[in-house]
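In the working numbering, the protein residues as written are 3 to 127. All C-beta atoms in this analysis are idealised placements derived from N, C-alpha and C, irrespective of residue type, glycine included.
Following this line, the structure appears as structure tokens:
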């Protein structure tokens with residue numbers, strides 16, 4: 003190392019600091035979500051449009067988890083397009099759902115959400 007010369011420029015140090023801060027924030031959020039899953043689920047529901055939930059609640063026919071499209075699943079209360087896509091992906095990768103409880107294998111569906119969905123879904127052949 004040459005004396006009097008810095009290893010990193012000011013911009014490089016700033017970029018390194020921003021990167022480390024973003025990584026630290028990401029790790030902190032992951033830890034918080036693991037410690038508070040119910041509150042995290044509630045916060046995720048804040049951006050859901052009530053009209054979508056109302057339309058699904060008005061339709062009293064249960065949705066078949068083994069045959070429904072992502073669009074049909076997205077109309078269920080508390081299920082948006084991203085969660086619906088994960089349900090369809092789980093069905094494609096893991097095979098047909100054997101019971102409603104198999105939804106717990108889908109990331110984003112906890113015990114509370116499963117109970118809310120139970121009256122809106124069914125498992126066909």
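Just reading off the alpha helix (DSSP H) that residue i is part of, what are its end residues?
| i | result |
| --- | --- |
| residue 96 | 83-96 |
| residue 127 | Residue 127 -> no alpha helix (DSSP H), and no H or E assigned at all. |
| residue 116 | 113-119 |
| residue 75 | 72-76 |
Since residue i and residue j are thought to touch, with beta carbons under 8 Å apart, how far apart are those beta carbons, to the nearest angstrom?
| i | j | result |
| --- | --- | --- |
| residue 123 | residue 67 | 5 Å |
| residue 35 | residue 27 | About 13 Å; that fails the 8 Å criterion. |
| residue 2 | residue 40 | Any answer about residue 2 is impossible in this case: the structure gives the chain only from 3 up to 127. |
Report the partner residues of residue i according to the DSSP bridge assignment.
| i | result |
| --- | --- |
| residue 104 | BP columns for residue 104 are empty, so no partner. |
| residue 20 | Looking at the DSSP assignment, residue 20 forms no beta bridge with any residue, so it has no partner. |
Any beta carbon from chain B within less than 9 Å of residue i's own beta carbon?
| i | result |
| --- | --- |
| residue 102 | Annotation note: the requested chain B is absent from the structure, which comprises a single protein chain. |
Exercise for the section: Identify every run of the beta strand (DSSP E) within the stretch 26-51, keeping only runs that are complete inside it and at least 3 residues long; order them along the chain. Expected result: none
Handout entry: contact_flag[the stretch 83-91, the stretch 27-41] where n(CB pairs < 8 Å) is 3 or more
Key = no
Practice task
Examine the Cβ distances between the stretch 7-23 and the stretch 69-80 and report whether three or more of them are shorter than 8 Å.
Solution key: no
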